[in-house]
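Heads up, the thing below is written out as structure tokens.
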DNA sequence: CGTGGAGTTGACCAACCTCAAAACATGTGG
DNA sequence: CCACATGTTTTGAGGTTGGTCAACTCCACG
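Protein chains in written order, with my numbering: chain B, 264 to 518; chain L, 264 to 518.
Structure representation (structure tokens):
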């Protein structure tokens with residue numbers, strides 16, 4: 264069984280831990296674009312590792328409409344957040360045709376006990392997700408529409424690049440303007456207006472499921488983008504490297 | 264050493280785990296209202312357990328202004344999110360005079376290895392925090408100003424009640440309208456208008472550092488509040504219940 | 001071809017922001 | 001005990017951002 268985890272080393276595990284994982288992980292599953300494969304409120308004893316394709320995590324509102332929480336990309340875990348809660352508090356859907364490996368979380372605790380490094384890895388992954396969530400919150404809470412859209416696309420670019428799925432100025436992107444709107448707390452119409460503006464300013468075009476960035480520097484400036492939270496927590500990979508010298512946390516000051 | 268953890272049992276630990284914790288935890292520290300005791304970007308080898316008082320977790324924006332991420336209350340962990348990251352990506356400040364116990368995270372990995380149940384407990388706590396964060400995101404992204412304010416205050420009431428710090432209709436609250444505004448993505452002026460509206464509608468008053476709820480049902484209705492995410496993951500309390508039976512996580516479905 | 005989903009555009013409107021100023025607390029030093 | 005400074009709440013007037021409604025276009029797909 265092959266494991267494809269985040270390229271930036273979210274899961275640096277010992278070999279015997281990997282062996283253990285194989286016991287828990289089940290073979291690949293396929294979902295078609297549009298499938299909601301985890302439902303809000305569902306009692307889930309499963310989590311997933313996204314192998315290919317794009318997904319989204321969202322909450323449906325009683326008033327109608329939805330809020331998209333995050334866009335899992337290849338290599339990302341799905342459903343970690345509700346690992347220890349009784350039920351999933353949000354839904355997951357496939358934004359493109361996707362492939363996932365699923366693993367049972369019923370006896371995850373036992374696994375944690377036998378292989379603490381897995382617990383560590385999971386916790387670290389959860390930390391990164393949380394950092395992204397926080398950034399998302401800041402985005403919606405305190406930034407204007409253009410900044411939000413630019414920021415979102417830059418973050419996606421950044422993550423895809425780490426996964427080797429984007430060049431520095433271009434990437435495939437199955438998102439509709441509706442998806443973007445639901446993620447960013449905007450109306451689809453306004454997202455459209457913003458995209459037009461970005462296009463007219465020569466910063467970026469989004470067309471035919473492809474995002475092309477024309478002026479990266481300017482875009483980063485508009486979005487006030489600082490991607491540090493994306494690669495944080497990376498620790499030298501090497502198959503066994505879990506000794507990870509927590510003593511040398513150097514202070515990285517912002518410029 | 265006394266440990267006061269979340270009343271809804273985020274930390275159901277075995278006694279020998281507790282013993283281990285004592286080795287890591289340092290005595291109580293005091294901070295005055297207004298102190299920023301964790302700085303963004305700071306390399307932190309510490310996390311805290313808030314013993315009394317209110318805190319807030321926030322990010323400063325380069326454009327000026329800030330976004331408040333969460334309001335830790337007594338019994339909550341502070342800084343768990345950045346446990347495994349290189350540095351804290353947000354700041355923490357005291358909103359009232361507070362007491363915390365701090366514990367070193369330098370050798371947290373070792374602790375996890377020796378006491379997997381601690382890892383589990385920490386992960387569960389992080390899960391709850393994430394659920395609250397998601398709710399916050401939905402709030403800001405997709406709800407109007409009145410709903411946001413109402414929702415925020417109801418959540419605080421709910422959490423305080425679990426901690427035994429609020430009656431069902433009243434609680435002390437050191438938040439200023441500026442704090443609320445920074446948390447909810449609004450301007451302080453608008454928060455004021457919303458509070459007036461809530462007052463005039465006979466739903467709630469907020470005055471002299473005290474929130475009094477006059478019509479709980481109506482307020483819950485306005486806010487579309489569903490507090491289930493707050494108590495999720497709870498396991499029967501009993502003050503000494505450290506036997507924690509991780510095998511029998513029963514499936515508790517929402518009504 | 002027809003159909004349905006996605007993107008595009010314009011006109012109008014409401015929610016919320018900004019600026020400005022006053023009323024009201026609260027604590028401090030004289 | 002007063003005078004003053006500082007922080008918080010309150011209120012008004014006017015301006016923007018972004019939402020809503022309603023069309024129309026473009027395309028992929030059967």
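A virtual CB, placed ideally from N, CA and C, is assigned to each residue, including glycine.
Everything numeric in this text was worked out from a predicted model, so none of it was measured.
What residue does the beta strand (DSSP E) around residue i start on, and which one ends it?
{"i": "residue 370 (chain B)", "result": "Per DSSP, residue 370 (chain B) belongs to no beta strand (DSSP E) and is neither H nor E."}
{"i": "residue 299 (chain B)", "result": "299-301"}
{"i": "residue 306 (chain B)", "result": "Unbroken run through residue 306 (chain B): none, as it is neither H nor E."}
{"i": "residue 354 (chain L)", "result": "354-357"}
I believe residue i touches residue j by the beta-carbon criterion, under 8 Å. Please report the beta-carbon distance rounded to the nearest angstrom.
{"i": "residue 429 (chain L)", "j": "residue 420 (chain L)", "result": "5 Å"}
{"i": "residue 403 (chain L)", "j": "residue 400 (chain B)", "result": "7 Å"}
{"i": "residue 358 (chain B)", "j": "residue 318 (chain B)", "result": "6 Å"}
{"i": "residue 382 (chain B)", "j": "residue 379 (chain L)", "result": "6 Å"}
{"i": "residue 315 (chain L)", "j": "residue 371 (chain L)", "result": "The pair is not a contact, with the Cβ atoms about 24 Å apart (cut-off 8 Å)."}
{"i": "residue 482 (chain B)", "j": "residue 412 (chain B)", "result": "Going by Cβ atoms, the distance from residue 482 (chain B) to residue 412 (chain B) rounds to 10 Å, so no, they are not a contact pair."}
{"i": "residue 238 (chain B)", "j": "residue 330 (chain B)", "result": "Residue 238 (chain B) is absent from the structure shown; chain B starts at 264 and stops at 518."}
{"i": "residue 363 (chain L)", "j": "residue 341 (chain L)", "result": "7 Å"}
Taking the C-alpha atoms as reference points, what is the distance between residue i and residue j?
{"i": "residue 478 (chain L)", "j": "residue 466 (chain L)", "result": "5 Å"}
{"i": "residue 468 (chain B)", "j": "residue 312 (chain B)", "result": "30 Å"}
{"i": "residue 355 (chain B)", "j": "residue 300 (chain B)", "result": "6 Å"}
{"i": "residue 332 (chain B)", "j": "residue 396 (chain B)", "result": "7 Å"}
{"i": "residue 394 (chain B)", "j": "residue 480 (chain L)", "result": "35 Å"}
{"i": "residue 450 (chain B)", "j": "residue 460 (chain B)", "result": "15 Å"}
{"i": "residue 497 (chain B)", "j": "residue 338 (chain L)", "result": "Because the pLDDT at residue 497 (chain B) is just 45, under 50, the model does not fix this residue reliably, and the value given afterwards should be weighed accordingly. Residue 497 (chain B) and residue 338 (chain L): Cα-Cα distance of roughly 30 Å."}
{"i": "residue 376 (chain L)", "j": "residue 432 (chain L)", "result": "44 Å"}
{"i": "residue 485 (chain L)", "j": "residue 487 (chain B)", "result": "35 Å"}
{"i": "residue 369 (chain L)", "j": "residue 491 (chain B)", "result": "22 Å"}
{"i": "residue 384 (chain L)", "j": "residue 306 (chain L)", "result": "24 Å"}
{"i": "residue 387 (chain B)", "j": "residue 389 (chain L)", "result": "11 Å"}
{"i": "residue 476 (chain L)", "j": "residue 367 (chain L)", "result": "40 Å"}
{"i": "residue 288 (chain B)", "j": "residue 392 (chain L)", "result": "27 Å"}
{"i": "residue 455 (chain B)", "j": "residue 408 (chain B)", "result": "11 Å"}
{"i": "residue 405 (chain B)", "j": "residue 290 (chain B)", "result": "42 Å"}
{"i": "residue 423 (chain L)", "j": "residue 474 (chain L)", "result": "12 Å"}
{"i": "residue 352 (chain B)", "j": "residue 365 (chain L)", "result": "31 Å"}
{"i": "residue 437 (chain L)", "j": "residue 440 (chain B)", "result": "41 Å"}
{"i": "residue 292 (chain L)", "j": "residue 325 (chain L)", "result": "31 Å"}
{"i": "residue 320 (chain L)", "j": "residue 434 (chain L)", "result": "21 Å"}
{"i": "residue 417 (chain L)", "j": "residue 410 (chain B)", "result": "31 Å"}
{"i": "residue 527 (chain B)", "j": "residue 453 (chain L)", "result": "With chain B covering only 264 through 518, there is no way to say anything about residue 527 (chain B)."}
{"i": "residue 295 (chain B)", "j": "residue 327 (chain B)", "result": "24 Å"}
{"i": "residue 345 (chain B)", "j": "residue 463 (chain B)", "result": "42 Å"}
{"i": "residue 489 (chain B)", "j": "residue 448 (chain B)", "result": "21 Å"}
{"i": "residue 415 (chain B)", "j": "residue 322 (chain B)", "result": "18 Å"}
{"i": "residue 398 (chain L)", "j": "residue 303 (chain B)", "result": "13 Å"}
{"i": "residue 472 (chain L)", "j": "residue 308 (chain L)", "result": "34 Å"}
{"i": "residue 470 (chain L)", "j": "residue 298 (chain L)", "result": "23 Å"}
Name the DSSP bridge partner or partners of residue i?
{"i": "residue 322 (chain L)", "result": "L:330"}
{"i": "residue 476 (chain L)", "result": "L:467"}
{"i": "residue 288 (chain B)", "result": "B:366"}
{"i": "residue 452 (chain L)", "result": "The partner list for residue 452 (chain L) (beta bridge, DSSP) is empty, contrary to what the question assumes."}
{"i": "residue 315 (chain L)", "result": "L:362"}
{"i": "residue 481 (chain B)", "result": "According to DSSP, which records beta bridges pairwise, residue 481 (chain B) is partnered with nothing at all."}
{"i": "residue 293 (chain B)", "result": "B:362"}
In terms of residues, what are the limits of the alpha helix (DSSP H) holding residue i?
{"i": "residue 440 (chain L)", "result": "440-447"}
{"i": "residue 492 (chain L)", "result": "491-494"}
May I ask whether a heavy atom of the ligand NAP can be found less than 7 Å away from the beta carbon of residue i?
{"i": "residue 452 (chain B)", "result": "Annotation note on the ligand NAP: not contained in the displayed structure, which lists no ligands."}
Problem - Contiguous alpha helix (DSSP H) assignments of at least 4 residues, all confined to the stretch 362-435 of chain L - result: 371-377, 379-405 and 408-425, all fully within the stretch 362-435 of chain L.
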